[in-house]
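K.L.:
Numbering (my numbering), first residue to last: 10 to 129.
Where is the CB? At the ideal position from N, CA and C, for every residue including glycine.
#1: In this structure, does DSSP put residue 98 in helix, strand or coil?
#2: From the DSSP output, in three-state form, read off residue 66 for me.
#3: Rounded to the nearest angstrom, what separates residue 97 and residue 107 at their Cα positions?
#4: Roughly how many whole angstroms lie between the Cα atoms of residue 4 and residue 30?
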């Protein structure tokens, strides 16, 4: 009976070691499973989560609006520039059309001086 008891105790010890090893392996596999489940859930949520898409659409709308505003500003600046150039050209033309000797209006004064010289 002693030998049977000893054999059973050894068998029990071996089985306990196997159970502990298998329990540890089960715990490791369970941890891996939880990690994979968490990743899959995160991927599933990110696939069904439309907030990034909404943010992108909002950003595109804002960019389009800003582009339109910039086009209007460019048009205003272009109009102002053309207007100032035209005013400058008109001023140059007006200055060019004025005679250079505008201050000499009375030609009779010079003619009368010439008459005085004719006496000599």
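P.N.:
In this structure, then:
#1: Working through the chain shown from its first residue, we reach residue 98 at position 89. Residue 98 falls in the helix class under three-state DSSP.
#2: On the chain shown, position 57 is the one that residue 66 refers to. Reduced to three states, the DSSP call for residue 66 is helix.
#3: Counted from its first residue, the chain shown places residue 97 at position 88. Counted from its first residue, the chain shown places residue 107 at position 98. Answer to the nearest angstrom: the Cα atoms are 16 Å apart.
#4: No information on residue 4 is available, as it lies outside the stretch 10 to 129 that the chain covers here.
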